[in-house]
Amino acid sequence: MPDKMPYEGAIEEAAKATSKALELIKAASPAISDAYGLVIGDTIKHARAERLERMAAKAKKKLIDRGVTQPTQPPEQIAVPLLEVAQAESRDELIDLWARLLANTMDPGRISDVRAAYIDILKKLEPLDAKVLDFISKLNPANDQVTKHAAFERIGCRQSAAIVSIENLDALGCVRLFGGNHFLTLSELGKEIVIAVQA
Numbered sequence: 008m009p010d011k012m013p014y015e016g017a018i019e020e021a022a023k024a025t026s027k028a029l030e031l032i033k034a035a036s037p038a039i040s041d042a043y044g045l046v047i048g049d050t051i052k053h054a055r056a057e058r059l060e061r062m063a064a065k066a067k068k069k070l071i072d073r074g075v076t077q078p079t080q081p082p083e084q085i086a087v088p089l090l091e092v093a094q095a096e097s098r099d100e101l102i103d104l105w106a107r108l109l110a111n112t113m114d115p116g117r118i119s120d121v122r123a124a125y126i127d128i129l130k131k132l133e134p135l136d137a138k139v140l141d142f143i144s145k146l147n148p149a150n151d152q153v154t155k156h157a158a159f160e161r162i163g164c165r166q167s168a169a170i171v172s173i174e175n176l177d178a179l180g181c182v183r184l185f186g187g188n189h190f191l192t193l194s195e196l197g198k199e200i201v202i203a204v205q206a
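Residue numbers (this note's numbering): 8 to 206.
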């Protein structure tokens with residue numbers, strides 16, 4: 008596997024973009040920019056760079072584990088928005104989701120499973136939404152019928168929290184109800200998103 012991964016240039020560009028706001032403030036008022044840089048800017052910049060590094064390391068490990076020795080260059084229309092969203096994400100469950108998506112954009116055997124439109128959907132997920140999506144993806148509609156009001160018992164969370172997650176996934180077009188609008192299943196879009204972020 009090459010020393011420099013195809014996404015590393017994009018990570019550098021995303022990091023540069025994060026500092027543009029600070030540069031504008033510096034131009035307007037050095038005093039304000041000094042306070043902003045010391046109090047907020049440096050902390051945010053460092054945290055975002057650290058998140059990108061964590062996510063990139065996870066993606067690289069996934070590719071190594073799969074035996075991908077010649078990763079493809081991720082398409083710019085996917086890589087740039089993916090990295091912009093990922094650098095703002097601090098929750099491990101979602102960092103892992105972005106790492107899987109990035110790895111799949113660089114895997115020649117999986118790149119066709121990833122669409123740029125999925126990024127806008129995935130960035131609207133909370134960690135519980137991702138857990139619920141995974142749970143529903145493992146249901147067999149023929150013999151494992153679960154209602155949205157009973158899913159919480161299997162997921163291991165409050166009923167109201169599960170329902171909010173299911174309703175969010177429904178609004179995003181990832182799940183649908185069948186059997187007289189009682190039982191949960193993935194929509195075609197939901198199935199494709201699960202494939203795009205599979206490990």
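No residue lacks a Cβ here, since even glycine has one placed at the ideal position from N, Cα and C.
Query, Result
"Inter-residue CB distance, A168 and L135 (contact presumed, cutoff 8 Å)", "6 Å"
"Beta strand (DSSP E) segment containing L191, residue limits", "190-193"
"Between the CA atoms of N188 and E60 - distance to the nearest angstrom", "43 Å"
"Outcome for K68 when other beta-carbon atoms lying within 10 angstroms are tallied against a minimum of 16", "exposed"
"Beta-carbon spacing of A66, L109 below 8 Å", "yes"
"Segment contact, 8 Å Cβ cut-off, at least three pairs: the stretch 187-201 with the stretch 125-141", "yes"
"Any 3 or more C-beta pairs closer than 8 Å across the stretch 115-125 and the stretch 82-97", "yes"
"DSSP three-state assignment for N150, whether helix, strand or coil", "coil"
"Exposure of G74, with buried meaning 16 or more beta-carbon neighbours within 10 Å", "exposed"
"Endpoints, alpha helix (DSSP H) assigned at L132", "L132 -> no alpha helix (DSSP H), and no H or E assigned at all."
"L4 - DSSP class collapsed to helix/strand/coil", "Residue 4 lies beyond the stretch modelled for the chain, which goes from 8 to 206, so this question has no answer here."
"Cβ neighbours of L184 in the same chain (closer than 6 Å, five flanking residues each side left out)", "none"
"Within 8 Å, strictly: CB atoms of R165 and V153", "no"
"Exposure label - D127; buried when at least 16 CB within 10 Å", "exposed"
"Whole-Å CB distance - K130 paired with V92, under 8 Å assumed", "5 Å"
"Own chain residues within Cβ distance below 8 Å of I202, not counting five before or after", "D120"
"Close beta carbons around A106, own chain, < 6 Å, minus the five adjacent residues each side", "M62, K65, A66"
"Cβ shell of D114 (< 6 Å), same chain only, five flanking positions each side left out", "V75"
"C-beta contact flag for L101 and L70 at 8 Å", "no"
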